[in-house]
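Visitor: At the far end of the sequence shown sits residue 214, using the working numbering, and the numbering has no gaps. Note that beta-carbon positions come from the ideal geometry of N, C-alpha and C, so glycine has one too.
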Amino acid sequence: MPLTFDDLVTRARSLAAPDGRAVLGLAGSPGAGKTTLAERLVRALNGPGEPWVAHVPMDGFHLADVELDRLGLRDRKGAPETFDAAGYAALLKRLREETDDVVYAPGFERVLEQPVAGAVPVLPTARLVVTEGNYLLLWPRVRSQLDEVWFCAPDEDERLRRLIARHEEFGKSHEDAVAWVLRSDQANAELVAATRDRADLVVPATVLV
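(1) Since Thr200 contacts Leu143 with CB under 8 Å, what's their CB separation in whole angstroms?
(2) Bridge partners for Tyr140 per DSSP, in chain order?
(3) Should Glu137 go down as buried or exposed, given a rule of 16 or more other Cβ atoms within 10 Å for buried?
(4) Could you check how far apart the C-beta atoms of Phe113 and Gly65 are, in whole angstroms? I think they sit under 8 Å.
(5) Taking Glu153 and Leu76 to be in contact with their CB atoms under 8 Å, please state how far apart those CB atoms are, rounded to whole angstroms.
(6) Hey, how far is the Cα of Arg146 from the Cα of Glu55?
(7) Would a C-beta distance cut-off of 8 Å place Val61 and Val134 closer than the cut-off?
(8) Going by C-alpha distance, which of Asn193, Glu180, Ala204, Leu213 is nearest Trp87?
(9) Would you say Arg26 and Arg99 are within 8 Å of each other, going by their C-beta atoms?
(10) Could you give the distance in angstroms between the alpha-carbon of Asp190 and the alpha-carbon of Glu72?
(11) Going by the DSSP bridge assignment, what does Leu31 pair with across the sheet?
(12) Would you give the residue range spanned by the beta strand (DSSP E) that Ala122 belongs to?
(13) Under DSSP, the alpha helix (DSSP H) around Gly92 begins and ends at which residues?
(14) For Gly36 versus Leu168, is the C-beta distance shorter than 8 Å?
(15) Please confirm whether Ala32 and Val197 have their CB atoms less than 8 Å apart.
(16) What number of angstroms, rounded off, separates the C-alpha of Ser178 from the C-alpha of Asp80?
(17) Is it buried or exposed, Leu187, if we count other Cβ atoms within 10 angstroms and call 16 or more buried?
(18) Beta-carbon within less than 8 Å of Asp105's beta-carbon, same chain only, minus the 5 sequence neighbours each way: which residues are those?
(19) Opposite Glu163 in the DSSP bridges: which residues?
(20) Nearest by alpha-carbon distance to Arg132: which of Val183, Arg203, Ala59 is it?
(21) Would a C-beta distance cut-off of 8 Å place Arg18 and Leu50 closer than the cut-off?
(22) I believe Asp70 touches Gln119 by the beta-carbon criterion, under 8 Å. Please report the beta-carbon distance rounded to the nearest angstrom.
Spelled out as structure tokens, the structure:
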């Protein structure tokens, strides 16, 4: 039978343990629908009661533009080397181990395209954290902190359409958005696609909306 969203909810729920905290990773290329799936899962799992599932995106670990300028990587923004992978892995380790106090994670402001420190509180009530990002299966130090990683595999034409629309929404002209997607984002997408076979589960296009 085809995989359904309800199947994903059931599988995610089974990861959580009452005496600890599990971390589920959603990986995939830029524009694959990772954030949308994470938000849907968190809403479905939390339901109307006390929240017990948190959402912590990887995007908060983008290096700031001033640092990208210093490193000469501004035109590669979004590539693996433009993230603080060690910092992200360290946060995931804290989330697994520090369950008695609030743990603050950085967020990402898309209008400014800059990380924002301390923007995402993970409360002690969280028994499951859903995290998502491009390179979860590329970085061993990150993968080792994740109970499972699911790979989002949308229709490729739809992924590109959504990605171009996102860049336009946050200020790029259509021409600049297309150019960025085909040059920078697509190179990153090919790198991410090569990690697909390392995933515990592949989420098909029929589940990604």
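Guide: Taking the definition as stated:
(1) Distance from Thr200 to Leu143 at the Cβ level is roughly 5 Å; contact confirmed, criterion being Cβ atoms closer than 8 Å.
(2) Partner(s): none; Tyr140 has no beta bridge.
(3) Buried, by the Cβ-count rule.
(4) Their Cβ separation, rounded to whole angstroms, is 5 Å, which keeps Phe113 and Gly65 in contact under 8 Å.
(5) About 33 Å separates the beta carbon of Glu153 from that of Leu76, a gap too long to meet the 8 Å contact definition.
(6) Distance between the alpha carbons of Arg146 and Glu55 is about 32 Å.
(7) Against a cut-off of 8 Å, the Cβ pair of Val134 and Val61 comes out as a contact.
(8) Sequence check: residue 87 is Thr here, not Trp. Proximity to Thr87 across Asn193, Glu180, Ala204, Leu213 peaks at Asn193, based on C-alpha coordinates.
(9) Not a contact, by the Cβ cut-off of 8 Å.
(10) Here the alpha carbons of Glu72 and Asp190 stand approximately 20 Å from one another.
(11) Glu137, Trp155, per the DSSP bridge assignment.
(12) Segment 119-127, the beta strand (DSSP E) holding Ala122.
(13) First-last of the alpha helix (DSSP H) with Gly92: 90-102.
(14) Yes; because the gap between Cβ atoms is below 8 Å, this pair is in contact.
(15) Judged by their CB atoms, Ala32 and Val197 are nearer to each other than the 8 Å cut-off.
(16) Going from the Cα of Ser178 to the Cα of Asp80 covers about 17 Å.
(17) With fewer than 16 other Cβ atoms within 10 Å, it is exposed.
(18) Sequence-distant partners of Asp105 (beyond 5 residues in either direction) whose C-beta falls short of 8 Å from its own C-beta, in its chain, are Pro129.
(19) Answer is none; Glu163 lacks a bridge partner.
(20) Answer by Cα proximity: Ala59.
(21) Yes; because the gap between Cβ atoms is below 8 Å, this pair is in contact.
(22) At roughly 7 Å, the Cβ-Cβ gap stays under 8 Å, so Asp70 and Gln119 are in contact.
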